[in-house]
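First comes the structure, then the notes that go with it.
Number of protein chains: 2
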Amino acid sequence: MASLGATALARMLEIATVTNYEARDILFREGENAEYFYCVLSGYVRLFRLNKDGREADIRICGPGDTFAECLLSVGDRYLYNSQAAETITVARFELQKVRALAEQESDVAKAIIQCLSDHLRNTMDCIANDRLQTAPQRVAHYLLNNCPVEEGTSASIRLPFQKSLLAGKLGLAPEALSRAFSSLRRAGVTVRGRIIQISDISALKQI
Amino acid sequence: MASLGATALARMLEIATVTNYEARDILFREGENAEYFYCVLSGYVRLFRLNKDGREADIRICGPGDTFAECLLSVGDRYLYNSQAAETITVARFELQKVRALAEQESDVAKAIIQCLSDHLRNTMDCIANDRLQTAPQRVAHYLLNNCPVEEGTSASIRLPFQKSLLAGKLGLAPEALSRAFSSLRRAGVTVRGRIIQISDISALKQI
DNA sequence: CGTGATTTTGAGCCCGATCAAGTTGAGTGG
DNA sequence: CCACTCAACTTGATCGGGCTCAAAATCACG
Numbered sequence: 014m015a016s017l018g019a020t021a022l023a024r025m026l027e028i029a030t031v032t033n034y035e036a037r038d039i040l041f042r043e044g045e046n047a048e049y050f051y052c053v054l055s056g057y058v059r060l061f062r063l064n065k066d067g068r069e070a071d072i073r074i075c076g077p078g079d080t081f082a083e084c085l086l087s088v089g090d091r092y093l094y095n096s097q098a099a100e101t102i103t104v105a106r107f108e109l110q111k112v113r114a115l116a117e118q119e120s121d122v123a124k125a126i127i128q129c130l131s132d133h134l135r136n137t138m139d140c141i142a143n144d145r146l147q148t149a150p151q152r153v154a155h156y157l158l159n160n161c162p163v164e165e166g167t168s169a170s171i172r173l174p175f176q177k178s179l180l181a182g183k184l185g186l187a188p189e190a191l192s193r194a195f196s197s198l199r200r201a202g203v204t205v206r207g208r209i210i211q212i213s214d215i216s217a218l219k220q221i
Numbered sequence: 014m015a016s017l018g019a020t021a022l023a024r025m026l027e028i029a030t031v032t033n034y035e036a037r038d039i040l041f042r043e044g045e046n047a048e049y050f051y052c053v054l055s056g057y058v059r060l061f062r063l064n065k066d067g068r069e070a071d072i073r074i075c076g077p078g079d080t081f082a083e084c085l086l087s088v089g090d091r092y093l094y095n096s097q098a099a100e101t102i103t104v105a106r107f108e109l110q111k112v113r114a115l116a117e118q119e120s121d122v123a124k125a126i127i128q129c130l131s132d133h134l135r136n137t138m139d140c141i142a143n144d145r146l147q148t149a150p151q152r153v154a155h156y157l158l159n160n161c162p163v164e165e166g167t168s169a170s171i172r173l174p175f176q177k178s179l180l181a182g183k184l185g186l187a188p189e190a191l192s193r194a195f196s197s198l199r200r201a202g203v204t205v206r207g208r209i210i211q212i213s214d215i216s217a218l219k220q221i
């Protein structure tokens, strides 16, 4: 969005609809007719799939600034996963049809879509690699390091932007496994109190 | 590629370089300076990452028609993973710089990039969901069903296009786990002889 | 201070990784 | 055509990480 030129931006805003949802509201379900793609303005959205036993697995957690369902822009008329508000949220909604047309005319829009898809593809590939290579404590350490306000210094403090159960899903873990991972990181100088996480030795965390 | 107009196609072919590699050759490594993105013409390419112990995990297996490293088109000057020829292969190579310039001018090229990124993103998200929801036999069943020549009929036969160890990596399994998954599918009517796989009852496989 | 949701802790279990043989298979040279 | 060789695959045994279920503890909030 930020990269759009003035006219392109104006035309995108023209077709945007802002909507609010309450915690646990379903925005759309897998297989439903897809009309819109979304951009999160505030709060967090959970994208997940179900297996045939009804077990849920998170595919992605979207926060402010993130878009989702944009992979339907080129082809596809069905949503590929379920999406649910993790809390009270505000999202902007764009009709796929209109954005497709706009991308044809405004090369800025096409470029922004490419940027956005690339970023997601990167994150998603990282996610696969992490799932396949790292243990639970390593994933948590990795998450903490990626969300450290500063790269430098020995200690840091992070406030989780959402519930731990949501973080667990994001990392592909059961909530219990996340909890145990945190307690196993205590020996590496990680202290958890509610949503506040203290890291006493950043370089020690990198060794995990 | 197939969707490009005549002039766009010509300009892409103009900047393409065709190269061959032998089995196990490394095309590029994670962290190296990225100059090209690739399109597989024949054979299979393995994209993988290493953890700090040197264990490898496949992120994607690319076959004829697949492109890789295209997520570097918008930003990024380093490869994000290692790529290795799984056998004797032929690939086309495109300079990122030139394709970026071309995408600006030819909207067909931009559209093709969007298409291609969307497809990958979809596949990659599917991969995460499968990793998190399905057991080994379910993943194998899923793969077989997705690669059945026909949707209809009760029985089918598939010839794997690559080694089983490559399939194992693609599905996020150790080769031993793939082998055990196949043998556990025997009771569902799956017979394996070399690379040839016979499925006696497609609908039974869907139940797995 | 009470209530319900969230998180932590414990115990048991299962899936898949790993290591170590064995077996099959493909390609090579006699 | 057959033995040889090396790689690929299978099978067995063991191990460990993370899931599940259950219960206790903590937290958020009225």
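Top to bottom, those sequences are chains A and B.
If you read the first sequence in this note's numbering, its first letter stands for residue 14, the second for the next number, and so on.
If you read the second sequence in this note's numbering, its first letter stands for residue 14, the second for the next number, and so on.
By construction, the Cβ of each residue, glycine as well, lies at the ideal position given by its N, Cα and C atoms.
**Q.** Touch test, the stretch 47–55 of chain B against the stretch 69–78 of chain B, Cβ-Cβ under 8 Å, three pairs minimum
**A.** yes
Q | Bridge partners - Tyr-34 of chain B, DSSP secondary structure assignment | A | On the second sequence, position 21 is the one that residue 34 of chain B refers to. According to DSSP, Tyr-34 of chain B bridges with B:Ile-102.
(Q) Looking only at its chain, what residues have a beta carbon closer than 7 Å to the beta carbon of Arg-135 of chain A, apart from the 5 residues adjacent to it on each side? (A) Counting from 1 along the first sequence, the entry for residue 135 of chain A is found at position 122. Answer for Arg-135 of chain A: no residue qualifies.
Q) Can you list, in chain order, the residues of its chain whose CB lies under 7 Å from that of Ala-169 of chain B, leaving out five sequence neighbours each side? A) Reading the second sequence from its first residue, position 156 is the one you call residue 169 of chain B. Cys-161, Pro-162, Val-163, Ile-212 and Ile-215.
Q: Taking only beta-carbon positions, decide if Cys-140 of chain A is within less than 9 Å of chain B.
A: Here the question's residue 140 of chain A lines up with position 127 in the first sequence. Taking Cβ atoms only, chain B reaches closer than 9 Å to Cys-140 of chain A, which makes this a yes.
Q) Along chain B, which residues have their Cβ under 7 Å away from the Cβ of Gln-211 of chain A? A) Along the first sequence, one-based indexing puts residue 211 of chain A at 198. Per Cβ cutoff of 7 Å: no residues; Gln-211 of chain A is ~25 Å from chain B at best.
Q) Does the ligand COA have a heavy atom nearer than 8 Å to the CB of Leu-86 of chain B? A) Although the ligand COA was asked about, the structure shown includes no ligands whatsoever.
Q. Which bits of chain B does Cys-84 of chain A rub up against, with CB to CB less than 7 Å?
A. One-based indexing of the first sequence puts residue 84 of chain A at position 71. Within chain B, the residues near Cys-84 of chain A are Ser-131, Leu-134 and Arg-135.
Q: Count the C-beta pairs between the stretch 143–162 of chain B and the stretch 107–117 of chain A that are closer than 8 Å, then say yes if the count reaches three, no if not.
A: no
(Q) Tell me the residue span of the alpha helix (DSSP H) that contains Tyr-156 of chain A. (A) As a working mapping, residue 156 of chain A is identified with position 143 in the first sequence. That run of the alpha helix (DSSP H) goes 149–159.
Q) Could you give the C-beta distance for Ala-123 of chain B and Ala-123 of chain A, rounded to a whole number, given that I count them as a contact under 8 Å? A) On the second sequence, position 110 is the one that residue 123 of chain B refers to. On the first sequence, position 110 is the one that residue 123 of chain A refers to. With 8 Å as the limit, Ala-123 of chain B and Ala-123 of chain A qualify as a contact, their Cβ atoms being about 4 Å apart.
Q | Rounded C-alpha distance that separates Gln-147 of chain B from Asn-64 of chain A | A | Your numbering for residue 147 of chain B matches position 134 in the second sequence. Your numbering for residue 64 of chain A matches position 51 in the first sequence. One C-alpha to the other measures close to 8 Å.
Q. Taking just the CA atoms, how far does Gln-220 of chain B sit from Gly-18 of chain B?
A. Indexing the second sequence from 1 puts residue 18 of chain B at position 5. Indexing the second sequence from 1 puts residue 220 of chain B at position 207. The alpha-carbon atoms of Gly-18 of chain B and Gln-220 of chain B are separated by roughly 43 Å.
Q: List the residues of chain A whose Cβ lies closer than 7 Å to the Cβ of Leu-198 of chain B, in chain order.
A: The sequence position of residue 198 of chain B within the second sequence is 185, counting from 1. Here the premise fails: no neighbours, minimum Cβ distance about 17 Å.
(Q) Applying the 10 Å Cβ sphere with the 16-neighbour rule, what's the burial state of Ala-142 of chain B? (A) In the second sequence, the residue the question calls residue 142 of chain B occupies position 129. Classification for Ala-142 of chain B: buried.
**Q.** DSSP-derived helix/strand/coil call for Leu-173 of chain B
**A.** Counting from 1 along the second sequence, the entry for residue 173 of chain B is found at position 160. If DSSP states are grouped into helix, strand and coil, Leu-173 of chain B belongs with coil.
Q) Is Ala-29 of chain A helix, strand or coil when you go by DSSP? A) Your numbering for residue 29 of chain A matches position 16 in the first sequence. Ala-29 of chain A: strand per DSSP, three-state reduction.
Q) Can you tell me whether DSSP reads Ser-96 of chain A as helix, strand or coil? A) The count along the first sequence starts at 1 and reaches residue 96 of chain A at position 83. Reduced to three states, the DSSP call for Ser-96 of chain A is strand.
Q. Can you tell which of B:Glu-100, B:Ala-82, B:Ala-201 and B:Phe-195 has its C-alpha closest to the C-alpha of Asn-46 of chain B?
A. Reading the second sequence from its first residue, position 33 is the one you call residue 46 of chain B. If we check each option's Cα against that of Asn-46 of chain B, B:Ala-82 comes out closest.
Q: Return the CA-CA distance between Val-58 of chain B and Ile-72 of chain B, expressed in angstroms with no decimal places.
A: As a working note, residue 58 of chain B is residue 45 in the second sequence. As a working note, residue 72 of chain B is residue 59 in the second sequence. In a straight line, the C-alpha of Val-58 of chain B is about 11 Å away from that of Ile-72 of chain B.
Q) Should Val-153 of chain B be flagged as near chain A, meaning a C-beta pair shorter than 9 Å? A) Residue mapping note: residue 153 of chain B aligns to position 140 of the second sequence, counting from 1. Val-153 of chain B does not count as touching chain A.
(Q) Could you tell me the alpha carbon to alpha carbon distance between Asn-33 of chain A and Ala-23 of chain A, rounded to whole angstroms? (A) Working through the first sequence from its first residue, we reach residue 33 of chain A at position 20. Working through the first sequence from its first residue, we reach residue 23 of chain A at position 10. Those two C-alpha atoms are separated by around 22 Å.
Q | Short CB-CB distance (under 9 Å) between Ile-28 of chain A and chain B | A | Sequence index remark: in the first sequence, residue 28 of chain A carries index 15 (1-based). Judged by the 9 Å Cβ criterion, Ile-28 of chain A is not in contact with chain B.
Q) Does the distance from the C-beta atom of Ala-217 of chain B to that of Ala-201 of chain B stay below 9 Å? A) Residue 217 of chain B sits at position 204 when you count from the first residue of the second sequence. Residue 201 of chain B sits at position 188 when you count from the first residue of the second sequence. Cβ distance < 9 Å, so Ala-217 of chain B and Ala-201 of chain B count as in contact.
Q) So, does the CB of Ser-120 of chain B fall closer than 9 Å to a CB anywhere in chain A? A) Counting from one through the second sequence, the residue named residue 120 of chain B turns up at place 107. Output row for Ser-120 of chain B: interface = yes.
Q: Leaving aside the five residues before and after Ile-28 of chain A along the sequence, list all residues of the same chain whose C-beta is less than 8 Å from its C-beta, in chain order.
A: Counted from its first residue, the first sequence places residue 28 of chain A at position 15. So the list reads Phe-107, Glu-108, Lys-111, Val-112 and Leu-115, once near-sequence residues are dropped.
(Q) Below 8 Å on C-beta distance, what does Asp-90 of chain B contact in chain A? (A) Start at 1 with the first residue of the second sequence, and residue 90 of chain B comes out as number 77. Under the 8 Å cutoff, chain A gives no residues; its nearest Cβ is about 13 Å from Asp-90 of chain B.
Q. Which residues in the same chain as Thr-204 of chain A place their Cβ atom closer than 6 Å to its Cβ, once the five residues preceding and following it in sequence are excluded?
A. Counting from one through the first sequence, the residue named residue 204 of chain A turns up at place 191. So the qualifying residues of the chain are Gln-211.
Q: Using the DSSP secondary-structure output, state which residues sit across from Gln-211 of chain B in a beta bridge.
A: Position 198 of the second sequence, counted from the first residue, corresponds to residue 211 of chain B. Paired residues: B:Ser-170 and B:Thr-204.
**Q.** Endpoints, beta strand (DSSP E) assigned at Gln-54 of chain B
**A.** Position 41 of the second sequence, counted from the start, is the residue given in the question as residue 54 of chain B. Before going on, a small fix: residue 54 of chain B reads as Leu here, not Gln. Note, Leu-54 of chain B: beta strand (DSSP E), 49–55.
Q: Measure the alpha-carbon distance for Gly-67 of chain B versus Phe-61 of chain B and round it to whole angstroms.
A: Along the second sequence, one-based indexing puts residue 67 of chain B at 54. Along the second sequence, one-based indexing puts residue 61 of chain B at 48. Each residue's alpha carbon lies about 11 Å from the other.
Q. Arg-62 of chain B CB to nearest chain A CB: under 9 Å?
A. Numbered from its first residue, the second sequence carries residue 62 of chain B at position 49. Yes - at least one Cβ of chain A is within 9 Å of the one on Arg-62 of chain B.
Q: Name, please, each residue of chain B whose Cβ falls closer than 7 Å to the Cβ of Glu-117 of chain A.
A: Indexing the first sequence from 1 puts residue 117 of chain A at position 104. Result: Ser-120.
Q | Residue-chain proximity (Lys-124 of chain A, chain B), Cβ-Cβ < 9 Å | A | Residue mapping note: residue 124 of chain A aligns to position 111 of the first sequence, counting from 1. Yes, contact with chain B.
**Q.** Supposed close pair Phe-41 of chain B, Ala-99 of chain B - CB separation, criterion 8 Å
**A.** For the purposes of this step, residue 41 of chain B is taken as residue 28 along the second sequence, with counting starting at 1. For the purposes of this step, residue 99 of chain B is taken as residue 86 along the second sequence, with counting starting at 1. Wrong, their Cβ atoms sit about 15 Å apart, outside the cutoff.
Q) What are the partner residues of Gln-74 of chain B, as DSSP defines its beta bridges? A) Numbered from 1 along the second sequence, position 61 holds the residue referred to as residue 74 of chain B. Per the sequence shown, the amino acid found at residue 74 of chain B is Ile instead of Gln. Answer is B:Arg-59, bridged to Ile-74 of chain B.
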